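First comes the structure, then the notes that go with it.
2 protein chains.
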Amino acid sequence: MAQQPKPRRSQAERSAETRQRLLDAAVSLMHERGLAGTSTNDIAETAGVSRGALTHHFESREELIAAAIEDMLDKVIGELKSYATRVAEGESSSDALIEFLYGVMSDRLFYVTLEYLPEARHNAMFRHRLVPVVSRWHAALDGIWGELTARYGMKPEAGRDLLNATMCLIRGMIAQTILRDDPPYYRRLLDFWKASIRAQLAAARPERNGPRIVTIPLRGQ
Amino acid sequence: MAQQPKPRRSQAERSAETRQRLLDAAVSLMHERGLAGTSTNDIAETAGVSRGALTHHFESREELIAAAIEDMLDKVIGELKSYATRVAEGESSSDALIEFLYGVMSDRLFYVTLEYLPEARHNAMFRHRLVPVVSRWHAALDGIWGELTARYGMKPEAGRDLLNATMCLIRGMIAQTILRDDPPYYRRLLDFWKASIRAQLAAARPERNGPRIVTIPLRGQ
DNA sequence: ATTTACAAACAGGCTTGACGGTTTGTTTCG
DNA sequence: CGAAACAAACCGTCAAGCCTGTTTGTAAAT
């Protein structure tokens, strides 16, 4: 019989852990069963706490869901910033960045987003609660991308267009995976996009190694 | 007292109208209140028929929702095909096509799609029911786009990449509108994309009017 | 001892699918 | 043709299930 591990945790510790377990459970269930299929009962059970504990920590289901999304996004923003420092140290290509972004989005992030977007669309309270968090996420994205495009001597505005297009493309791809299961298709599309970005970045600094893709049409002139 | 307009409709006519009213109501409500906020009660009320009539025509809520989506998609496929004939007659540019596609998607189509995608993701029956309809939609898209790219002498594969990227971009943009209300942003992004497509199409037929966008970097060489 | 964290039971509301009954249209047959 | 038999469309009600938020009770920390 092992000694019971009871290190007499402080209230703050107990509380924080319970809260975190609930947040994690909420995100996992949203991902696995969808928002509609995620009841407060399920969340409490998955978290291994009672429903009473849940109602103690969160005023309503909506509040819990919003907090869970916020927590998820903050963690991903952390990942993004740590990646940004690596880019700043010159350890990244546009290909790698696109691959990284697609990885982050398709791991769980955008599938969970697809779960709560409808709710955000029809529930103003919920939406307003989430907008600032999403803004932080975009700011973090802008930072890392600005780093990259600046290095290529690209104008910030043009770079931002490229970033925004990239993110929209990734969103659209992931949304499509739900009704079209075709990995080679997505692989091909992502490679196509990486090549496009490479070409545009190369075109942005013609003084260095010059544009390689755009030279092809010159034969015709 | 006006004569009651009772042209003694046949059973088939009565039935078809009731059914159609239910389908239309279901799509409208999905768009306005979301899938979760659309009960069979609401649908029957909006359609102006009794709930009994609803259960008579559709075995279950799920079946009704699926039929409504199918109906919506089939109608849009119709629009698409009629647009395709206009393209075949040479009455369209890539700019106009992109604008048309964005218009179709953002009018209702993709917002409704965002409503049922989560359900499709977690409900295999529902998903399998929808896959063939979505395939028809993509086939219609391929047709119209192939028409356009062929006219520009572009290889079918390259053209398809462009189409797929365009559709994913549009999907991602529309998804983003829910948490980012910023029309100029979307306008700008769409214009950016139209320019990109124009450049790629121009590059595909250098023998005609030659590439205009890609000539800029030549100064540096 | 008092506040905080947690637990369990409860009540109200909503939704879906099922069922019996009614109206309307169609077909059969004298 | 006309009535009767049949089938389809339609209506209103009901019961079972689930979910959320509330309330009441207990244990743990300060």
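The listed protein sequences correspond, in order, to chains A and B. Numbering-wise (my numbering), the first sequence opens with residue 35 and increments by one. Numbering-wise (my numbering), the second sequence opens with residue 35 and increments by one. Backbone N, C-alpha and C fix where the C-beta goes; we use that ideal spot for every residue, glycine too. Since this is a predicted model, take the numbers as computed values, not measurements.
Locate the alpha helix (DSSP H) running through threonine 200(A), then write down its first and last residues. 190-211
Measure the C-alpha to C-alpha separation of alanine 137(A) and aspartate 176(A) and round it to an integer number of angstroms. Per the sequence presented here, residue 137(A) reads as glycine, with alanine not at that position. Using only the alpha carbons, I get a separation of about 18 angstroms.
Under the three-state reduction of DSSP, which class applies to leucine 164(B): helix, strand or coil? Helix at leucine 164(B).
Using only the alpha-carbon positions, how far apart do glycine 187(A) and aspartate 105(A) sit? 35 angstroms
C-beta atoms of leucine 223(A) and asparagine 198(B) nearer than 7 angstroms: yes
Closest Cβ-Cβ distance between asparagine 198(A) and chain B: below 7 angstroms? yes
DSSP three-state call for glutamate 125(B): helix, strand or coil? DSSP places glutamate 125(B) in the coil class of the three-state scheme, outside both helix and strand.
Cβ-Cβ distance between glycine 68(A) and histidine 156(B) below 7 angstroms: yes
Answer yes or no: the CB of asparagine 75(B) versus the heavy atoms of the ligand HEM, is any distance below 6 angstroms? This structure simply doesn't include the ligand HEM, nor any ligand for that matter.
What residues in the region 172-200 of chain A have a beta carbon less than 7 angstroms from any beta carbon of chain B? For the region 172-200 of chain A, which is checked against every Cβ of chain B, the residues closer than 7 angstroms are Asp195, Asn198, Ala199.
For a quick check, are the C-beta atoms of histidine 65(B) and valine 146(B) less than 7 angstroms apart? yes
What's the gap between the Cα of threonine 183(B) and the Cα of alanine 101(A)? 47 angstroms
Asparagine 157(A) by DSSP, collapsed to three states: which one? Correct three-state label for asparagine 157(A): coil.
Are the C-beta atoms of alanine 158(B) and some chain A residue less than 7 angstroms apart? no
Where does serine 94(A) fall in DSSP's three states? Serine 94(A) falls in the coil class under three-state DSSP.
At the 7 angstroms Cβ level, is leucine 213(B) part of the contact set with chain A, yes or no? yes
Would the beta-carbon of leucine 63(B) fall within 7 angstroms of that of threonine 72(B)? It is a contact, given that the beta carbons lie within the stated cut-off.
Exposure label - glutamate 93(B); buried when at least 16 CB within 10 Å: exposed
The region 140-151 of chain B: which residues have C-beta closer than 7 angstroms to a C-beta of chain A, in chain order? Leu148, Glu149, Leu151
Is the number of C-beta pairs between the region 198-212 of chain B and the region 199-218 of chain A that are closer than 8 angstroms three or more? yes
Which chain A residues are close to arginine 221(B), counting only those with a beta carbon under 7 angstroms from its beta carbon? Near arginine 221(B) there are no residues of chain A at all, since even the closest Cβ is about 12 angstroms away, more than 7 angstroms.
Would you tell me roughly how many angstroms separate the C-alpha atoms of serine 84(B) and glutamate 96(B), rounded to the nearest one? 18 angstroms
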